[in-house]
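Which chain is which? The protein sequence lines are A and B, in order. Read in this note's numbering, the first sequence has 203 at position 197, and its numbers run on one by one without any break. Read in this note's numbering, the second sequence has 87 at position 81, and its numbers run on one by one without any break. Every residue gets a Cβ at the ideal spot worked out from N, C-alpha and C, and that includes glycine. Have a look at the structure below before the remarks.
Number of protein chains: 2
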Amino acid sequence: MPLDNYQEILSDPPAKGRMISNLSVDCCIFGFENNDLKVLLVQHASGRSQGQWALPGEFVLKDRNLKEMPHHVLQRLTGLENIFVEQLGTFGRLDRVDYGRIITIAYYALISPQKYNLKVGADALDVAWVNVAEATKLIYDHNEILDYAMIKLRDRIKTYPIGFELLPDKFTLTHIQKLYEAMLGHSLDTRNFRRKMLSSKLLQATSEVDDSVPYRAPKLYTFDKERYDEMLVEGYFFQL
Amino acid sequence: MPLDNYQEILSDPPAKGRMISNLSVDCCIFGFENNDLKVLLVQHASGRSQGQWALPGEFVLKDRNLKEMPHHVLQRLTGLENIFVEQLGTFGRLDRVDYGRIITIAYYALISPQKYNLKVGADALDVAWVNVAEATKLIYDHNEILDYAMIKLRDRIKTYPIGFELLPDKFTLTHIQKLYEAMLGHSLDTRNFRRKMLSSKLLQATSEVDDSVPYRAPKLYTFDKERYDEMLVEGYFFQL
DNA sequence: TCAAAAGTGTTTGCAATACACCCATGC
DNA sequence: GCATGGGTGTATTGCAAACACTTTTGA
Numbered sequence: 007m008p009l010d011n012y013q014e015i016l017s018d019p020p021a022k023g024r025m026i027s028n029l030s031v032d033c034c035i036f037g038f039e040n041n042d043l044k045v046l047l048v049q050h051a052s053g054r055s056q057g058q059w060a061l062p063g064e065f066v067l068k069d070r071n072l073k074e075m076p077h078h079v080l081q082r083l084t085g086l087e088n089i090f091v092e093q094l095g096t097f098g099r100l101d102r103v104d105y106g107r108i109i110t111i112a113y114y115a116l117i118s119p120q121k122y123n124l125k126v127g128a129d130a131l132d133v134a135w136v137n138v139a140e141a142t143k144l145i146y147d148h149n150e151i152l153d154y155a156m157i158k159l160r161d162r163i164k165t166y167p168i169g170f171e172l173l174p175d176k177f178t179l180t181h182i183q184k185l186y187e188a189m190l191g192h193s194l195d196t197r198n199f200r201r202k203m204l205s206s207k208l209l210q211a212t213s214e215v216d217d218s219v220p221y222r223a224p225k226l227y228t229f230d231k232e233r234y235d236e237m238l239v240e241g242y243f244f245q246l
Numbered sequence: 007m008p009l010d011n012y013q014e015i016l017s018d019p020p021a022k023g024r025m026i027s028n029l030s031v032d033c034c035i036f037g038f039e040n041n042d043l044k045v046l047l048v049q050h051a052s053g054r055s056q057g058q059w060a061l062p063g064e065f066v067l068k069d070r071n072l073k074e075m076p077h078h079v080l081q082r083l084t085g086l087e088n089i090f091v092e093q094l095g096t097f098g099r100l101d102r103v104d105y106g107r108i109i110t111i112a113y114y115a116l117i118s119p120q121k122y123n124l125k126v127g128a129d130a131l132d133v134a135w136v137n138v139a140e141a142t143k144l145i146y147d148h149n150e151i152l153d154y155a156m157i158k159l160r161d162r163i164k165t166y167p168i169g170f171e172l173l174p175d176k177f178t179l180t181h182i183q184k185l186y187e188a189m190l191g192h193s194l195d196t197r198n199f200r201r202k203m204l205s206s207k208l209l210q211a212t213s214e215v216d217d218s219v220p221y222r223a224p225k226l227y228t229f230d231k232e233r234y235d236e237m238l239v240e241g242y243f244f245q246l
C-alpha cells in the first residue's frame, strides 16, 4: 500500500467562531514504511503561509476538551480514530508565528501503515508522508517541534513498547528491529534484539509466514495488547 | 531556616491589559525539608476562589515568551531567579475552572532551602509550604496537576540527578539519600546508594563536616555542576 | 548453486542487590 | 556507657553485550 495513494476527500475546517483564536494544536504524525520513519506534512492552501509545508494542526475548539483536539486533527486529515497520541509540550515564543501571538500545544501520534487513507482538507493544498530526516524548512517553529518530538520518541521507545503502534497487525521480527533501528538511529544486534523481544512476552507467534518475499519466508507475529497494557501500568523498562 | 518565616512583601500583579486572558501558567514549586517533599501553595485573596488553596500561577503575559512565565511566577512569589524549571504539560478540560475556558500550562520548579524567602503578593492571602502528601483539596484541577508532577518527578529523578536542585550547596550523603527516598516513596539500601552516588563522580567531598548534630558529624559534600552538565548532554542514566 | 535474509547459543563482564557490623560523637 | 546515626565490603545474581555460522527459500 503506497503512502502517496490517498483519497481526495474534502473535509471542511470548523467555522472561525468555534475556534479559540490564540491557541492551536499541532501534530507530529509518524508512520513507518520501507525502513524509514515518516512524518505527515500538509501544504497550506491559503493566506500568508500558502505553499509552505507544516505539521498538521488546528485552532483549539471552544467546545472541545484539549485532549480531544489531536484526535480531531487526525480525524479531519485521515479519517482515523483510536490513534495513539501523547502530548509533547507547549510552544510559546513571542515571534513563533508571523501573524500574532499564537501558542501551540504539540502532540505526536503513531499510526500503522494499514490505516493510511489520507484526506486532503479544504485548507490544505497537499498532504505527504516525508522522511523525518528530509522534513526540513517547515513553517514557523515546526522544525523545532519536530526535533523535540524525535527526542521524546527516542526516549519513549527505550522505555515503553510504543513502536508496535507503527506496525501492521502482523509483522516479522526483522520488521520491528528495523523500526527500532530507524527510531534510535543506529543498528542493533539481531540475536540480542530477538531474545529480548521474545522474552518480553509482548509477541505472539502466529502460524503464518510472510511468503511474499523472494527468500526464506519469515514468521509473522502479532502483538499482545493485554500484556502491553499491563506493562504501561507497571512501568516497564525496555533497555535497548 | 524555618520554612514559614517569610517576609510580607507586596508584589503587585500585572495589569489585566497585559495578560492573555484565556491562558495561564501554574507552577508546582517543590522544596525539601525535614525529610519531606513540600510544595508551595497560595491562598487566593479575592474573587470566587477566595480562601481556597492553589498552585501559584498567573495569566500568560502578552509581551513574554512562554518559557519566561514560570520564572515570572517564581520571581513575584519568592524573589528568586535562576531556578530549575521544566514544563510538565498543558491542561485543558472544558470544565477545569468555573469561570470560563482557561487552558493552563503547568511547570514544576525545584528550589533549595537556602533560598526560601517568600513574598506574599497582593493577590494572595497566604503562602505556605505543604507536605505533598497533605496537599489535597486544591482548587480547580490543581490536584490532578500536582499528581502528574509527582509522576514526572519520580520518573525524572531516576534518570537525571535533578535532586541536587533541592539541596543546599553543602549536604551530607544521608541528606541526599533521604531526599531520594522521599521522592521515590520507599527506602533505599544505604551502602548501595552511597557507592552509586560516589561512583557517579557528581559529588565532591569537602573538608568540612556538619557539627551541628548531636552524634558523629557527617562529611559535607558539594555537587559538581560541570560533571552534571556533561551528564545532561550524554543522556546519563541513573538506575535506582 | 547462488543470493538474501531468517534464525539460533554461549561466553564474558558489569552492575544491581542483598546483607550486618563497627565507628565516632554528644549527652 | 549508651543512644544515635555515620560509615564501610563482599558474595551473588541477572542482564546486557559481543560474537559467527547454519538454514531456508526463490530465482
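Which term fits residue i, buried or exposed, when burial requires 16 or more other beta carbons within 10 angstroms of its beta carbon?
i, result
"Asp-161 (chain B)", "exposed"
"Ile-117 (chain B)", "buried"
"Lys-207 (chain A)", "exposed"
"Ser-30 (chain A)", "buried"
"Asp-44 (chain B)", "Looking at the sequence itself, residue 44 (chain B) is Lys, so the reference to Asp does not match. Buried: at least 16 other Cβ atoms inside 10 Å."
"Asp-132 (chain A)", "exposed"
"Met-7 (chain A)", "Note on Met-7 (chain A): pLDDT 30, under 50, position unreliable in the model; the coordinate value appears next. With fewer than 16 Cβ atoms within 10 Å of its Cβ, Met-7 (chain A) is classed as exposed."
"Ile-182 (chain B)", "buried"
"Asp-147 (chain A)", "buried"
"Val-126 (chain A)", "buried"
"Lys-231 (chain B)", "exposed"
"Gly-169 (chain B)", "buried"
"Gln-245 (chain B)", "exposed"
"His-77 (chain B)", "buried"
"Arg-197 (chain B)", "exposed"
"Pro-167 (chain B)", "buried"
"Leu-159 (chain A)", "buried"
"Tyr-221 (chain A)", "exposed"
"Ala-128 (chain A)", "exposed"
"Val-91 (chain A)", "buried"
"Val-138 (chain B)", "buried"
"Ile-145 (chain B)", "buried"
"Val-66 (chain B)", "buried"
"Tyr-105 (chain B)", "exposed"
"Arg-201 (chain A)", "exposed"
"Leu-124 (chain B)", "buried"
"Ala-21 (chain A)", "exposed"
"Arg-82 (chain B)", "buried"
"Val-48 (chain B)", "buried"
"Ile-151 (chain A)", "buried"
"Ala-211 (chain B)", "exposed"
"Val-79 (chain B)", "buried"
"Leu-72 (chain B)", "buried"
Would you mind telling me which residues of chain B sit closer than 8 Å to residue i, beta carbon to beta carbon, in chain order?
i, result
"Asn-28 (chain A)", "Ile-26, Asn-28, Leu-29"
Give me the chain A residues within the contact set of residue i, using Cβ-Cβ distance strictly less than 9 Å, ordered along the chain.
i, result
"Thr-142 (chain B)", "Residues of chain A passing the Cβ test: none, with the nearest at roughly 23 Å."
Which chain A residues sit within Cβ distance under 7 Å of residue i?
i, result
"Lys-231 (chain B)", "Per Cβ cutoff of 7 Å: no residues; Lys-231 (chain B) is ~23 Å from chain A at best."
"Gln-93 (chain B)", "Gly-95, Thr-96"
If the cut is a Cβ gap below 8 Å, which residues of chain A does residue i touch?
i, result
"Arg-107 (chain B)", "Ile-26, Lys-68"
Chain B partners of residue i, CB-CB under 9 Å?
i, result
"Arg-99 (chain A)", "Asn-71, Leu-72, Lys-73"
Which chain B residues sit within Cβ distance under 7 Å of residue i?
i, result
"Ile-111 (chain A)", "Thr-96"
Legend entry - Inter-stretch contact at 8 Å, needing at least 3 Cβ pairs: the stretch 28-44 of chain A / the stretch 96-113 of chain A: Three or more Cβ pairs drawn from the stretch 28-44 of chain A and the stretch 96-113 of chain A lie within less than 8 Å of each other, which places the two stretches in contact.
Inset, instruction - Would you check if the stretch 51-70 of chain B and the stretch 95-102 of chain B touch, i.e. whether three or more CB-CB distances between them fall below 8 Å? - result: no
Inset, instruction - Examine the Cβ distances between the stretch 48-58 of chain B and the stretch 80-96 of chain A and report whether three or more of them are shorter than 8 Å. - result: no
Inset, instruction - Could you name each continuous beta strand (DSSP E) segment of 3 residues or more that falls completely within the stretch 130-170 of chain A, going from the start of the chain to the end? - result: Taking only runs of at least 3 residues, the beta strand (DSSP E) segments lying wholly in the stretch 130-170 of chain A are 130-137.
Inset, instruction - Ignoring anything shorter than 3 residues or poking outside the stretch 32-56 of chain A, list the beta strand (DSSP E) runs there in chain order. - result: 42-50
Legend entry - Complete runs of the alpha helix (DSSP H) confined to the stretch 54-110 of chain A [at least 4 residues]: If only complete runs of 4 or more residues are kept, the stretch 54-110 of chain A shows the alpha helix (DSSP H) at 75-84, in order along the chain.
Inset, instruction - Can you check the stretch 166-210 of chain A for any beta strand (DSSP E) of at least 3 residues that lies completely inside it and give the ranges in chain order? - result: Whole beta strand (DSSP E) segments, 3+ residues: zero.
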